[in-house]
Each structure stands twice: as C-alpha cells, then as structure tokens.
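> Letter by letter, the sequence shown follows residues 1 to 500 of the numbering used here.
Where a beta carbon is used, it is the ideal one built from N, C-alpha and C, also for glycine.
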Amino acid sequence: MDNRSSSFQFWVVLICLLSTALFLIRITGPTDLESYAQELSVGYLLDLMAQAHWLVQHDLESAIMPRPPLHTWLMALFAGLLGLNRLSLALPSFLSVLALGLIVFAVGRRRFGEMAGVLAAIAIVLAPTMAKQVALVGSEPVFTLTVTIAALAAFSAWEHGKEGSWLLFWLMAALVTLINGLPGVALATGGLFSYFWEKRSNPDQPAPGGPHLAGITLFLVLTLGWFVAASISQGQTLISTMFYTSLIGDAVSAYRDGWQASDLFKPTFVLLFRYLPFSLPFLIAVWRVFRHPASDPGERRFERFLTCWILFGLLVLSLARHQHADHLLPLWPACALLAGRELARLAERIGKTRFAGIAVVIGAILIGSTYAAVNSTSTSVTTHIKPGESSDYAREMKLAGEAKLAAEAFIANGLDASRLHHIDTPVTLQLYLGTFRPFIKRAQLEQILAAASTPVDVALGKTGIEELGLAERYPDIKRVFRWPADESLQAVFQVYRINP
C-alpha cells in the first residue's frame with residue numbers, strides 16, 4: 001500500500017471520527033425536540049407512522065405540510081428499523097453531514113490537492129453551526145446534501161458534457177424538489193452562471209448544455225408523480241398550501257411591510273459570523289478569486305463556479321421574505337472548498353508542522369465548546385425552570401425532557417394513551433407515547449363529551465381544567481395523572497377523566 005493510499009484512508013477515518021464524535025456529543029445530551037421547529041417534523045412522522053399517510057402528512061395542529069415529504073420518508077425508514085426515538089429521527093442529518101464531509105474531501109482533493117480537501121472537509125464538520133445540524137430532526141442537512149451533489153454534477157456535466165452527469169443532476173434536482181420544493185433547485189444551478197464569467201477569459205468555452213431529455217423526464221416522473229398522487233389524495237388544500245401560500249404568497253407579500261437595505265446584507269453577515277473561524281479564510285479566498293484567479297484553466301473554472309454558487313445563493317436568500325441562518329447551509333460546501341484551499345496555502349507558508357499544531361488546538365476548542373455547551377444546557381434543564389428565569393431555548397429543552405419523563409411515567413402507570421384527547425400537551429409527548437392524536441379545541445371537546453357514553457380522558461399541558469369551564473355541566477371530573485407529581489411545580493402533562 002503506497003503512502004498516497006494510506007493518507008487517503010487516514011483522512012477518511014478522521015472525517016468519520018470527527019463527525020461521529022460531534023453526533024454522539026449531541027445525541028447523548030438533553031433532547032431539544034421542542035426547539036428549532038423540530039416538533040413539526042415529529043408531527044409529520046407520527047402521522048405517517050400511526051396513520052400510514054405516506055403521500056401527505058399533517059402536524060398535530062392538523063395543518064398540512066408546506067413542503068414535500070422526502071425527509072419524512074427517510075425518518076420513517078430509520079424509525080422502522082430502529083424504533084421511534086430521537087436517534088432514528090436524527091440519523092438522516094448525521095449521515096448527511098458525514099456524506100458532505102466525505103464528498104467535499106474527495107472533490108477538494110481532486111481539484112485543489114489533498115491538504116485543501118482535508119481542510120475543506122474539516123470546515124464542513126467542525127463549523128460551529130454543524131453542532132446543531134448533525135443531530136437536527138429537520139430537513140436542512142439532507143437538503144444541503146442533495147443540493148451539493150446536484151451542483152457538483154452540473155459542473156461535471158458542463159465540463160465533460162457527459163449524459164450520465166446530467167442524469168445525476170436531474171435526479172438530485174428531483175430529490176431537492178421532493179425535500180424543499182421547486183425553488184430549492186435554484187441553489188444547485190447558481191454556479192452555472194460562471195459560464196459568462198469564464199467566457200470572458202476563454203471565448204471558446206462551451207455553454208453548459210448537453211443531452212437533457214432523459215434527465216428532465218426522470219425529474220418530471222418523480223416530482224409530478226408524487227404531486228399528482230398527493231393532489232388526488234388531498235385536493236385543493238394541498239395545492240393552496242404548497243403553491244399559493246408557500247410559493248406565491250411569500251413572494252407577493254415579501255415586501256408588504258417595507259424593505260430595508262440591511263435585509264440585503266443580513267445573510268452575508270450571518271454566514272461570516274455563524275461559520276467562524278472558517279469564514280475568514282473563505283472571505284480571503286473569494287477576494288483572491290477576483291484579484292488573482294488561478295492560472296490553471298480547470299482550477300479557475302471550478303473556483304469561479306464555486307464563487308457564483310455562493311454569490312447567487314446569497315442573492316436569492318437576501319431577497320427572500322423569510323431569512324433564517326439555516327437557509328445558508330446549502331452554500332457552505334462551496335464556501336468550505338474555497339476556505340480549504342486558502343488554509344492549505346497558509347499551511348505551506350507557515351509550515352505544515354506548525355499549522356497542524358494550530359489546527360489541533362482550534363479543533364479541540366471547537367469540539368470542547370460543543371461538549372461544554374451541551375453539558376451546561378444539560379445541567380440547566382435538570383432543575384425547575386420558572387418563567388422569565390432563563391432563555392426560551394432552555395425552557396424548550398426543559399419541556400422536551402419533561403415530556404419524555406412524563407410519557408414514561410404515564411406508560412408505567414398502565415394508562416391507555418389511545419384514549420387521550422390532547423388540548424395543549426407538548427408535541428414530543430406523543431412521540432414517546434407512540435400515538436398521533438391531533439390537538440382539539442374547546443368546542444371540539446364539547447362535541448366529544450356531548451356524544452360520549454363512556455368516560456373521556458382529556459390531556460392538558462399548561463391549561464388548567466378550570467379554564468375549560470366544564471365543572472358546572474360535568475361535575476364528575478377526576479384527575480388520573482399529573483407530571484410532575486410535585487404540585488409545587490408547573491404541570492407539563494395532566495390527564496382528567498370526565499364522566500359525561
């Protein structure tokens with residue numbers, strides 16, 4: 001085995017170990033399933049698993065999903081194999097982050113050299129925001145993976161004109177659409193605008209054309225196949241939610257409340273801040289692309305492709321109505337590749353031994369910071385949190401942890417979760433109970449009680465039974481469960497049995 005092969009295997013193992021270490025730190029920490037809109041993903045999964053609604057899912061508020069269901073299908077696959085738990089729900093994100101690291105390493109190694117590829121992969125795995133993404137029960141990491149593969153396939157197809165590369169692009173574009181909707185494809189195609197830039201240096205540069213018929217056919221079969229079947233299942237409701245509300249509604253109302261210049265620059269500033277320290281060499285790398293482009297035509301073409309991928313994505317996200325830091329994730333693989341090359345140049349200038357020492361220290365700080373943050377949060381949520389005494393995130397984590405304990409205690413008491421009518425209980429409570437019982441309003445509860453001939457079990461969260469105003473008409477009300485059992489602590493989960 002030669003040294004080149006040995007070093008390749010070493011770096012692959014290192015990337016896998018770093019990704020796994022971060023995932024284990026996060027997954028063994030306190031649950032945060034009530035934060036970052038993860039409860040919506042939980043609701044969709046419960047609908048699929050409990051009601052077998054594969055085409056279209058609803059959350060526990062009975063709201064139809066605003067995006068296609070591919071991420072929910074992936075979670076269901078792992079939940080079917082490993083059970084309905086946080087680990088199975090987070091595995092798609094972990095595997096996506098790991099795959100991103102390995103893909104960026106392979107591409108960077110081939111395009112910019114081995115050291116650049118390694119450092120680009122490390123920038124993917126150890127970027128501070130990845131500590132959240134690696135165990136997120138959300139679609140962002142999977143979406144980023146498909147966007148990245150689609151973008152790289154488009155570049156390969158442009159460069160070599162192979163039908164197989166375009167077919168891969170259209171397949172990934174279909175998956176992008178089935179995760180986050182059709183607009184997501186724009187993020188995968190932005191890099192192709194570099195054709196106009198490259199044509200100034202090379203007038204003979206071919207346009208990114210090629211045989212698209214098979215790819216477009218595959219794209220339409222996958223995307224329209226699902227959409228038509230889902231529309232038949234749900235009718236106008238699905239079309240209104242996904243098309244008019246999510247797509248046209250957002251675009252029309254984007255600037256209804258006015259537009260500020262700061263909105264245009266906000267995604268750029270967030271990108272630079274959230275991905276420190278790797279965003280600094282990325283910034284230098286972009287400057288270098290404009291001021292001192294690579295002399296090698298292939299390397300110059302690729303660096304310009306990456307730059308257009310990033311700048312076009314920033315433009316799209318800057319004009320979007322809803323700006324969120326997680327939306328920048330599909331741009332980071334391109335940023336990491338440029339940053340990795342810049343860091344490799346720095347290593348050559350200061351010496352690889354000195355650079356390795358600095359890199360180990362910075363890596364240890366980043367991993368240690370993640371561990372400290374997770375464990376400090378773990379400590380904070382083991383004590384009772386009173387309103388106003390801590391951050392919203394800490395209270396959400398406390399709620400998620402209490403929901404898990406409440407479900408375990410409820411099951412241990414031998415009570416039947418399928419009898420419950422939920423008013424305002426934590427969403428993740430039903431994950432641990434293994435049920436999908438959409439929340440009901442007071443008027444719906446009144447109808448249930450009016451038609452009932454047997455006792456009705458009502459599950460409440462913060463709402464007290466007194467607030468429902470049922471005592472006068474239904475005097476035979478008995479509480480059969482409370483969590484926490486300590487009456488001095490705020491209730492998280494209560495069950496009242498009402499005899500109609």
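What's the C-alpha gap between Ala186 and Leu317?
By one-based count along the sequence shown, residue 186 stands at place 186. By one-based count along the sequence shown, residue 317 stands at place 317. Cα to Cα, Ala186 sits roughly 11 Å from Leu317.
> Gln133 to Asn499, Cα distance in whole Å?
Numbered from its first residue, the sequence shown carries residue 133 at position 133. Numbered from its first residue, the sequence shown carries residue 499 at position 499. For Gln133 and Asn499, the distance between alpha carbons rounds to 47 Å.
> I'd like the span of the alpha helix (DSSP H) that includes Ser339, first residue to last.
Reading the sequence shown from its first residue, position 339 is the one you call residue 339. The sequence shown places Ala at residue 339, not Ser. First-last of the alpha helix (DSSP H) with Ala339: 332-350.
> Run through DSSP, which three-state label would Val125 get?
The sequence position of residue 125 within the sequence shown is 125, counting from 1. For Val125, the three-state secondary structure derived from DSSP is helix.
> Does the distance from the C-beta atom of Lys404 to that of Thr31 stay below 8 Å?
Counting from 1 along the sequence shown, the entry for residue 404 is found at position 404. Counting from 1 along the sequence shown, the entry for residue 31 is found at position 31. For Lys404 and Thr31, yes; Cβs fall inside 8 Å.
> So, helix, strand or coil for Val134, using DSSP?
If you number the sequence shown from 1, residue 134 lands on position 134. Coil, per DSSP.
> Please list, in chain order, all residues of the same chain as Glu61 whose beta carbon is under 8 Å from its beta carbon, the five residues on each side excluded.
The residue given as residue 61 occupies position 61 in the sequence shown. Around Glu61: Gly43, Pro438, Phe439.
> To the nearest angstrom, how far is the alpha carbon of Arg110 from that of Trp483?
The count along the sequence shown starts at 1 and reaches residue 110 at position 110. The count along the sequence shown starts at 1 and reaches residue 483 at position 483. Cα-Cα distance, rounded: 57 Å.
> Counting C-beta neighbours from all protein chains within 10 Å, is the total for Asn180 16 or more, i.e. buried, or is it exposed?
For the purposes of this step, residue 180 is taken as residue 180 along the sequence shown, with counting starting at 1. So Asn180 ends up on the buried side.
> Measuring alpha carbon to alpha carbon, tell me which of Pro183, Thr148, Leu182, Gly184 ends up nearest Leu168.
To locate residue 168, count along the sequence shown from 1; it is residue 168. If we check each option's Cα against that of Leu168, Thr148 comes out closest.
> Would you decide whether Pro555 is buried or exposed? Buried here means 16 or more other CB atoms lie within 10 Å of its CB.
Outside the shown range of the chain (1 to 500) lies residue 555, about which nothing can therefore be said.
> Just to confirm, are Asn202 and Pro69 a CB contact at a threshold of 8 Å?
Position 202 of the sequence shown, counted from the first residue, corresponds to residue 202. Position 69 of the sequence shown, counted from the first residue, corresponds to residue 69. The answer is no: Cβ separation not under 8 Å.
> Return the Cβ separation of Pro281 and Glu342 in integer angstroms, given the expectation that the two are a contact with Cβ distance under 8 Å.
Counting from one through the sequence shown, the residue named residue 281 turns up at place 281. Counting from one through the sequence shown, the residue named residue 342 turns up at place 342. The pair is a contact, with the Cβ atoms about 4 Å apart (cut-off 8 Å).
> For Ala52, report the span of its alpha helix (DSSP H) as first-last.
Taking the first residue of the sequence shown as 1, we reach residue 52 at position 52. Premise fails: Ala52 is in no alpha helix (DSSP H) and is neither H nor E.
> Considering only the beta carbon of each residue, do Gln236 and Ile64 sit closer than 8 Å?
Taking the first residue of the sequence shown as position 1, residue 236 is located at position 236. Taking the first residue of the sequence shown as position 1, residue 64 is located at position 64. It is not a contact, given that the beta carbons lie outside the stated cut-off.
> Could you please give me the residues that DSSP links to Arg497 through a beta bridge?
For the purposes of this step, residue 497 is taken as residue 497 along the sequence shown, with counting starting at 1. Beta-bridge pairing links Arg497 to Asp457, Lys478.
> Between which residues of its own chain and Leu264 is the CB-CB distance below 8 Å, once the five residues before and five after are set aside?
The count along the sequence shown starts at 1 and reaches residue 264 at position 264. The answer, listed in chain order, is Ser318, Leu319.
> Determine the direct distance from the alpha carbon of Leu152 to that of Thr189, and round the result to whole angstroms.
Against the sequence shown, residue 189 aligns to sequence position 189. Against the sequence shown, residue 152 aligns to sequence position 152. The straight-line gap from Cα to Cα measures roughly 10 Å.
> What residue range does the alpha helix (DSSP H) around His160 cover?
Taking the sequence shown and counting its residues from 1, the one referred to as residue 160 is at position 160. Taken as a continuous stretch (DSSP letters only), the alpha helix (DSSP H) holding His160 covers 140-160.
> For Trp226, does the count of other Cβ atoms within 10 angstroms reach 16, so buried, or fall short, so exposed?
As a first step, residue 226 must be located in the sequence shown, where it is residue number 226. That one is buried.
> What residue does the alpha helix (DSSP H) around Leu317 start on, and which one ends it?
Position 317 of the sequence shown, counting from 1, holds the residue named residue 317. First-last of the alpha helix (DSSP H) with Leu317: 297-319.
> Tell me the DSSP secondary structure of Phe327 in three-state form.
Indexing the sequence shown from 1 puts residue 327 at position 327. Contrary to the premise, residue 327 reads as His rather than Phe in this sequence. Here His327 sits in helix by DSSP.
> Considering Leu87, what are the terminal residues of the beta strand (DSSP E) in which it resides?
Residue 87 sits at position 87 when you count from the first residue of the sequence shown. Boundaries around Leu87 are those of the alpha helix (DSSP H), 86-112, since no beta strand (DSSP E) includes it.
> Tell me the start and end of each unbroken alpha helix (DSSP H) in the region 186-219 that is at least 4 residues and wholly inside, in chain order.
194-201
> What separation, rounded to the nearest whole angstrom, lies between the Cα atoms of Lys441 and Asp486?
What you label residue 441 is simply residue 441 of the sequence shown in a count that begins at 1. What you label residue 486 is simply residue 486 of the sequence shown in a count that begins at 1. Cα to Cα, Lys441 sits roughly 27 Å from Asp486.
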